[in-house]
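Visitor: Just so you know, the sequence shown maps onto residues 291 to 665 in our numbering. By construction, the Cβ of each residue, glycine as well, lies at the ideal position given by its N, Cα and C atoms. Pasting a structure here, questions to come.
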Amino acid sequence: MEGSILFLPGDGIGPEVLFEARRVLEALGGIFGHRFEVIEAPIGDGAIKSCGDSLPPETRALAVDVDAVLLGAVGLDVRSADGGDVDAAGGLLDLRQLLGNHANIRPVAVPEALVARSPLRPDRVRGVDLVVVRELLGGIYFGQPRGIEDGVAFDTEIYTEEEIRRISVSAFELARTRRRKVTSIDKANVLESSIFWRRIAEEVSRDYPDIAFSSMLVDNCAMQLIHNPRQFDVLLTSNMFGDILSDEAAVLVGSLGMLPSASVGGDIGLYEPVHGAAPDIAGRGIANPIGAILSVAMMLELAFALPEEADAVRAAVNRVLGDGYRTADLRDDGGRTPVSTARMGELIVAALDKVGASGWAGTAGAAGGPRRRAC
Ligand code: NAD
Ligand code: IPM
Ligand code: MN
Numbered sequence: 291m292e293g294s295i296l297f298l299p300g301d302g303i304g305p306e307v308l309f310e311a312r313r314v315l316e317a318l319g320g321i322f323g324h325r326f327e328v329i330e331a332p333i334g335d336g337a338i339k340s341c342g343d344s345l346p347p348e349t350r351a352l353a354v355d356v357d358a359v360l361l362g363a364v365g366l367d368v369r370s371a372d373g374g375d376v377d378a379a380g381g382l383l384d385l386r387q388l389l390g391n392h393a394n395i396r397p398v399a400v401p402e403a404l405v406a407r408s409p410l411r412p413d414r415v416r417g418v419d420l421v422v423v424r425e426l427l428g429g430i431y432f433g434q435p436r437g438i439e440d441g442v443a444f445d446t447e448i449y450t451e452e453e454i455r456r457i458s459v460s461a462f463e464l465a466r467t468r469r470r471k472v473t474s475i476d477k478a479n480v481l482e483s484s485i486f487w488r489r490i491a492e493e494v495s496r497d498y499p500d501i502a503f504s505s506m507l508v509d510n511c512a513m514q515l516i517h518n519p520r521q522f523d524v525l526l527t528s529n530m531f532g533d534i535l536s537d538e539a540a541v542l543v544g545s546l547g548m549l550p551s552a553s554v555g556g557d558i559g560l561y562e563p564v565h566g567a568a569p570d571i572a573g574r575g576i577a578n579p580i581g582a583i584l585s586v587a588m589m590l591e592l593a594f595a596l597p598e599e600a601d602a603v604r605a606a607v608n609r610v611l612g613d614g615y616r617t618a619d620l621r622d623d624g625g626r627t628p629v630s631t632a633r634m635g636e637l638i639v640a641a642l643d644k645v646g647a648s649g650w651a652g653t654a655g656a657a658g659g660p661r662r663r664a665c
């Protein structure tokens with residue numbers, strides 16, 4: 291098959307991890323006989339510097355004209371309290387709105403090879419396989435009014451019935467393909483918006499009698515994720531609660547660098563690792579590219595309906611981890627010397643080749659080098 295993908299490397303470690311993701315995609319194209327056209331465009335701080343806009347018009351136009359968008363990370367500077375500073379995160383929020391992807395799917399599965407890496411006891415994390423279904427276009431991220439006036443700062447958590455209903459449906463539909471359990475997260479003991487969230491999620495649950503449903507307060511959920519994470523299958527969350535809980539859940543796997551995500555619901559999906567630009571390690575070649583590479587797997591499955599190819603990528607990642615290779619963030623005390631970002635990418639490509647050689651694959655075709663667009 292043929293497909294077009296917009297690569298948005300972004301800032302910090304974004305370009306480093308996306309480079310490895312592209313190598314994996316190219317290798318996969320060669321093995322399975324698919325041709326992916328890769329187009330690169332600016333977003334984030336880099337785009338502010340080069341184009342004066344964190345989501346330049348050229349990038350916007352391309353994003354709605356491809357089959358899928360793959361993003362690295364944005365943001366090296368956080369916006370200052372008076373709003374006057376650069377606003378790289380705004381480019382990503384604008385992109386999500388542009389694509390209309392209301393459901394952010396964040397799977398958290400602990401590979402057997404990393405069970406010992408987790409700071410939690412192996413018996414707590416072995417077999418953890420949950421997914422955060424995070425509402426992505428509403429809530430306090432976008433609610434009006436917001437601002438700083440006369441010594442008062444304010445944001446607004448706001449959810450319409452329709453927004454809660456559609457993300458709930460996404461969670462229940464996903465649960466039907468998994469272990470059939472949805473836990474909706476809220477703060478209904480305090481917040482009106484959460485009382486409403488709970489009511490609508492419960493209403494939707496009645497359309498899914500085959501799914502075990504319950505609601506849980508977010509503070510308890512934060513504790514249960516560490517105490518007994520295997521109880522969870524699908525976590526249904528608001529925008530902000532899902533953002534926070536998914537970073538926490540990354541600890542179960544051993545590193546934030548491991549988690550992929552897919553943002554879906556519109557015509558074109560946005561695929562990105564859960565982590566950010568990681569300014570503390572950027573430019574050193576030590577970032578873990580696996581979250582980005584597993585985001586490619588989600589893209590292959592959801593944007594291109596290529597589940598076998600997606601499984602091949604996941605199998606290659608598991609094989610490399612099973613062989614004991616680790617980037618620095620995953621290293622066990624006393625383990626072998628960590629591998630670089632580039633070496634991890636190479637190892638995963640080599641593992642894919644073994645998959646191809648064992649007979650899954652076609653022969654021809656590969657992604658060409660990326661076409662780069664400036665503003
Ligand atoms: P971060 O996710 O960038 O980093 C948090 C910690 O995790 C850091 O110690 C970092 O070194 C580590 N880490 C993250 N990804 C890693 C990887 N692939 N390999 C190894 N270690 C990794 O969060 P932050 O430091 O709070 O934010 C930095 C900037 O990134 C901010 O501007 C923030 O807005 C932005 N951000 C962007 C995204 C995104 O683009 N999707 C997501 C989160 C944060
Ligand atoms: C994420 C990030 C973003 C978010 C920021 C960069 C806007 O933290 O994707 O998890 O909060 O959604
Ligand atoms: Mn986040």
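Measure from the alpha carbon of phenylalanine 531 to the alpha carbon of each residue in Met506, Ala605, Leu298 and Ala552, then state which is nearest.
Guide: Reading the sequence shown from its first residue, position 241 is the one you call residue 531. For phenylalanine 531, the nearest C-alpha among the options comes from Met506.
Visitor: Are leucine 637 and valine 603 touching if we call contact CB-CB under 7 angstroms?
Guide: On the sequence shown, residue 637 is found 347 positions in, with the first residue counted as 1. On the sequence shown, residue 603 is found 313 positions in, with the first residue counted as 1. It is not a contact, given that the beta carbons lie outside the stated cut-off.
Visitor: Considering methionine 530, what are the terminal residues of the alpha helix (DSSP H) in which it resides?
Guide: Indexing the sequence shown from 1 puts residue 530 at position 240. That run of the alpha helix (DSSP H) goes 529-543.
Visitor: What are the partner residues of glycine 300, as DSSP defines its beta bridges?
Guide: Your numbering for residue 300 matches position 10 in the sequence shown. Answer is Ala363, bridged to glycine 300.
Visitor: For glycine 559, which beta-bridge partners are listed by DSSP?
Guide: Residue 559 sits at position 269 when you count from the first residue of the sequence shown. Ala358, per the DSSP bridge assignment.
Visitor: Taking three-plus beta-carbon pairs below 8 angstroms as touching, is the segment 447-466 in contact with the segment 421-428?
Guide: yes
Visitor: In the DSSP assignment, find the alpha helix (DSSP H) that holds serine 408 and state where it starts and stops.
Guide: Mapped onto the sequence shown, residue 408 falls at position 118. From DSSP, serine 408 is part of no alpha helix (DSSP H); its letter is neither H nor E.
Visitor: Name the DSSP bridge partner or partners of aspartate 377?
Guide: Within the sequence shown, residue 377 is the residue found at index 87, counting from 1. None, per the DSSP bridge assignment.
Visitor: Would you kindly work out how many angstroms separate the C-alpha atoms of aspartate 570 and arginine 456, rounded to a whole number?
Guide: Mapped onto the sequence shown, residue 570 falls at position 280. Mapped onto the sequence shown, residue 456 falls at position 166. Each residue's Cα considered, the two are about 37 angstroms apart.
Visitor: Classify arginine 325 as helix, strand or coil using the three-state DSSP reduction.
Guide: Residue mapping note: residue 325 aligns to position 35 of the sequence shown, counting from 1. Reduced to three states, the DSSP call for arginine 325 is strand.
Visitor: Relative to the C-alpha of leucine 366, which candidate in Asp523, Asp440, Asp355 and Gly380 has its C-alpha closest?
Guide: Within the sequence shown, residue 366 is the residue found at index 76, counting from 1. Out of Asp523, Asp440, Asp355 and Gly380, the CA that lies nearest to the CA of leucine 366 is found in Gly380.
Visitor: Would you tell me roughly how many angstroms separate the C-alpha atoms of glycine 547 and isoleucine 501, rounded to the nearest one?
Guide: Against the sequence shown, residue 547 aligns to sequence position 257. Against the sequence shown, residue 501 aligns to sequence position 211. Their Cα atoms are separated by approximately 31 angstroms.
Visitor: Can you pull the DSSP bridge partners for valine 524?
Guide: Your numbering for residue 524 matches position 234 in the sequence shown. Valine 524 pairs with Val421 and Val472.
Visitor: Just the residues with CB closer than 5 angstroms to a heavy atom of ligand 1, in chain order, which are they?
Guide: Ala363, Val364, Gly365, Ala379, Leu546, Gly547, His565, Gly566, Ala567, Ala568, Asp570, Ile571, Ala577, Asn578 and Asp619
Visitor: Name the two residues that bound the continuous alpha helix (DSSP H) containing arginine 396.
Guide: Within the sequence shown, residue 396 is the residue found at index 106, counting from 1. Where arginine 396 is concerned, there is no enclosing alpha helix (DSSP H), although the beta strand (DSSP E) it sits in stretches over 393-399.
Visitor: Using only CA atoms, which one of Ser536, Thr473, Asp355 and Phe322 lies nearest to glycine 566?
Guide: Taking the first residue of the sequence shown as 1, we reach residue 566 at position 276. The candidate whose alpha carbon is nearest that of glycine 566 is Ser536.
Visitor: Count the other CB atoms, across all protein chains shown, that sit within 10 Å of the CB of serine 483; report buried if there are 16 or more and exposed otherwise.
Guide: Along the sequence shown, read from residue 1 onward, the residue named residue 483 stands at position 193. With 16 or more other Cβ atoms from the protein chains shown falling within 10 Å of its own Cβ, serine 483 counts as buried.
Visitor: Compute the minimum distance between the beta carbon of aspartate 533 and the heavy atoms of ligand 3, and state whether it is under 6 angstroms.
Guide: Residue 533 sits at position 243 when you count from the first residue of the sequence shown. True, at least one ligand heavy atom lies under 6 angstroms from that Cβ.
Visitor: Identify the continuous alpha helix (DSSP H) that holds alanine 461 and give its terminal residues.
Guide: What you label residue 461 is simply residue 171 of the sequence shown in a count that begins at 1. 451-466 is the extent of the alpha helix (DSSP H) around alanine 461.
Visitor: Going by the beta-carbon positions, is the gap between valine 639 and valine 314 smaller than 7 angstroms?
Guide: Against the sequence shown, residue 639 aligns to sequence position 349. Against the sequence shown, residue 314 aligns to sequence position 24. In this structure, valine 314 lies closer than 7 angstroms to valine 639 by Cβ.
Visitor: So, valine 607 versus isoleucine 580, is the Cβ gap smaller than 7 angstroms?
Guide: Residue mapping note: residue 607 aligns to position 317 of the sequence shown, counting from 1. Residue mapping note: residue 580 aligns to position 290 of the sequence shown, counting from 1. Less than 7 angstroms separates the beta-carbon of valine 607 from that of isoleucine 580.
Visitor: Buried or exposed: where does glutamate 316 fall if 16 or more other Cβ atoms within 10 Å of its Cβ makes it buried?
Guide: Numbered from 1 along the sequence shown, position 26 holds the residue referred to as residue 316. Around the beta carbon of glutamate 316, 16 or more other beta carbons sit within 10 angstroms, so the residue counts as buried.
Visitor: When DSSP labels each residue in this structure, what does methionine 513 get in the three-state scheme?
Guide: In the sequence shown, the residue the question calls residue 513 occupies position 223. DSSP places methionine 513 in helix when its eight states are reduced to three.
Visitor: Could you check whether the Cβ of leucine 382 sits closer than 6 angstroms to any heavy atom belonging to ligand 2?
Guide: For the purposes of this step, residue 382 is taken as the residue at position 92 of the sequence shown. Yes - ligand 2 has a heavy atom lying nearer than 6 angstroms to the Cβ of leucine 382.
Visitor: To the nearest angstrom, how far is the alpha carbon of valine 356 from that of leucine 584?
Guide: Taking the first residue of the sequence shown as position 1, residue 356 is located at position 66. Taking the first residue of the sequence shown as position 1, residue 584 is located at position 294. The C-alpha of valine 356 lies about 20 angstroms from the C-alpha of leucine 584.
Visitor: Could you pull out every residue in the same chain whose Cβ sits closer than 7 angstroms to the Cβ of glycine 612, ignoring the five residues on either side in sequence?
Guide: Position 322 of the sequence shown, counting from 1, holds the residue named residue 612. Closer than 7 angstroms at Cβ, skipping near neighbours: Ala403.
Visitor: When we look at the beta-carbon of serine 553 and count the other beta-carbons within 10 Å, is it buried (16 or more) or exposed?
Guide: Here residue 553 refers to the residue found at position 263 of the sequence shown. With 16 or more other Cβ atoms within 10 Å, it is buried.
Visitor: The beta strand (DSSP E) spanning methionine 589 covers which residue range?
Guide: Here residue 589 corresponds to residue number 299 of the sequence shown, with the count starting at 1. Looking at the DSSP string, methionine 589 is not in any beta strand (DSSP E); the run it does join, the alpha helix (DSSP H), is 580-592.
Visitor: Nearest by alpha-carbon distance to proline 550: which of Glu452, Pro332, Asn578 and Gly417 is it?
Guide: As a working note, residue 550 is residue 260 in the sequence shown. Of Glu452, Pro332, Asn578 and Gly417, the residue nearest in Cα terms is Asn578.
Visitor: Measuring alpha carbon to alpha carbon, tell me which of Gly319, Gly342 and Leu389 ends up nearest alanine 351.
Guide: Sequence index remark: in the sequence shown, residue 351 carries index 61 (1-based). Nearest of Gly319, Gly342 and Leu389 to alanine 351, Cα basis: Leu389.
Visitor: For the alpha helix (DSSP H) containing phenylalanine 486, list its first residue and its last residue.
Guide: Position 196 of the sequence shown holds residue 486. Run containing phenylalanine 486: 482-495, per the alpha helix (DSSP H) assignment.
Visitor: When you compare each of Asp377, Val398 and Asp335 to methionine 588 by their alpha carbons, which one comes out closest?
Guide: Your numbering for residue 588 matches position 298 in the sequence shown. Closest option to methionine 588, Cα to Cα, is Val398.
Visitor: Just the Cα atoms here: how many angstroms apart are arginine 520 and histidine 392?
Guide: One-based indexing of the sequence shown puts residue 520 at position 230. One-based indexing of the sequence shown puts residue 392 at position 102. Spanning the two alpha carbons is a distance of roughly 26 angstroms.
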